Each structure stands twice: as C-alpha cells, then as structure tokens.
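Comments concern the structure below.
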Amino acid sequence: MQFLYELGSNVIKLPQTEEEKIKVSEEFQQISGLPGVIGCIDGTFIAIRTPAHKVKSTYVNRHDMPSMTLQAICDANKLFLDVFTGTPSKIHDARVYTLSFVSEKIPQICGDQFHLLGDSAYPLRKFLITPYRDYGNLTQEQKNFNKKFSATRVKIENSFGLLKQRWRQLLHLDFFYVDRITQFIISCCVLHNLCLMNNDNWNIIFASNNLACVKTSLSVEF
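Structure below.
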C-alpha cells in the first residue's frame, strides 16, 4: 500500500500545460457544451471505524455515522486529477476545500480561461462555478444552464460510484489509525486511475433493482 500511496503524485495530477488544459476542457465541452471546464469537484463520505484516540462525535456525518470526506477533482473520463482526504465528515465541503492543498493551486491553474464545476455547497468564484440557486424564479436561460451544468458535473459522482464499486472495502474501513485510513483511500484512487489508464473494463449491470458489478478484464502493469 505504501508503494501505491507514494505513486499518487505520478498518477493523479492536474493539467499543467496550456495544451493539457485545452484537451481536458474540450472533452468536457463535448458533454453539454459548457466551455472552459477543467475539472469537477465534490466530496464523498467514506465510512470508517472511529480512529484511535479520536472523539467519535467529531467524525459523525449527517447520516449519523463516523466517516472521512474524500474530496476529488475528476476529468470527463472519470480520472481523478486531485484527491484530498483525512478530514472528519462533520466538516462542510466548502471548509474541506479551503483546507486542501489544491485550493491554493486552482486560481493559478485556471487563470482567466478555465474553471472547475462544483455544487451549491461551494462558494462561487471566478475559478469555481456553481449552479444557479432555484428559488422558483429562474429564467429559462438559467434553467438551461443548470441542466447543462448538472449533465457535466455528474462526472464526479460517476467517478465516486465507480471507485466504490471497484474497491468495495471503501464502503466501510475498519482501520484504527488516521494515517492508515488516508493511505488506503488514496491508494484506491491511484488504482482507480491505473485501471482507467490501462483500459480496464468494468460493466455495471442493473437487474431487479440490484446493482451487480462484473469485472471483465484487468491489465495493470507497475
């Protein structure tokens, strides 16, 4: 696991060059026409045992279970571009973003041309676009934007879903120590990217309202 964790910076990385940013944004634009998107950001709960020497109430989320938040940014192909974890899920997504290392990098990476997409839990910024809040008085143009926004931003939810279906242990981690928990989560994100980079196929089959996952191939080289 230590090897995978240390491999993270080579496998999970944001676009840096202008060419890389343009490529990512063009792939997003093909989804619903939104220009300039270089990533979708969100957080997901990873259920855990309360870590040793920690107070359970600080980790309990809105579903009344102890968990850590995994914050991630993904591209249009469901590859993770950045991941951050270790914070108790009692902390709001906007605060998790502020605590993450990427919050200082994104304004420079996005510049004037690019931006991330985040849900309404995040503050609206030039480099972080959120949907229009619907209080029943949105214009048709605003509704159309929100529809396109949702169709694009759903990629991060798809990424989390695929991650947890591949690595089922993420549904509940039974480790005692925070550093062990965070290393395992990051390692799973690394494996997620490696599988996608190596064209590993993962078919999701819905039958009788039950989700069955069938692994069709695995060809990952280290």
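Taking full-length UniProt numbering, the leading residue of the sequence shown gets 1, the next gets one more, and so forth.
All C-beta atoms in this analysis are idealised placements derived from N, C-alpha and C, irrespective of residue type, glycine included.
Keep in mind that this is a model prediction, so the values were computed, not measured.
Residue i in three-state terms, based on DSSP
i	result
Ala212	Since pLDDT at Ala212 reaches only 43, below the 50 mark, its modelled position is unreliable, and no value is offered.
Gly39	strand
Gln30	helix
Met1	coil
Asn198	coil
Lys13	coil
Nearest neighbour of residue i, chosen from the options [CA to CA]
i	options	result
Ala52	Gly111, Phe176, Lys90, Gln30	Phe176
Leu34	Ala94, Lys147, Leu14	Lys147
Leu173	Phe80, Gln140, Ile46, Asn61	Ile46
Thr87	Lys78, Val102, Gln71	Gln71
His92	Ala76, Ser120, Glu104, His115	Ser120
Lys23	Phe184, Leu99, Ile38	Ile38
Ser89	Ser100, Glu104, Phe114, Gly43	Gly43
Met197	Arg180, Ile12, Gly136	Ile12
Val178	Glu141, Thr50, Gly8, Tyr5	Thr50
Residue i vs residue j beta-carbon contact at 9 Å
i	j	result
Ile156	Cys74	yes
Leu117	Arg153	yes
Thr85	Met68	yes
Ile31	Ala151	yes
Lys143	Asp134	yes
Lys56	Ser159	no
Phe114	Met1	no
Proximity test, Cβ basis, 9 Å: residue i and chain B
i	result
Cys195	No chain B appears in this structure, which consists of one protein chain only.
For this session: Pair every Cβ in the segment 184–193 with every Cβ in the segment 158–171, then say whether three or more of these pairs are closer than 8 Å.
Result: Output reads yes: the segment 158–171 touches the segment 184–193.
Exercise. At what residue ranges does the UniProt domain "DDE Tnp4" (41–193) contain a whole run of the beta strand (DSSP E), taking only runs of 3 or more?
Worked result: Correct list: 67–74, 80–88, 115–117.
Exercise. Pairing CB atoms from the segment 15–31 with CB atoms from the segment 100–117, are three or more of them under 8 Å?
Worked result: Between the segment 15–31 and the segment 100–117 there are three or more C-beta pairs closer than 8 Å, enough to call the two in contact.
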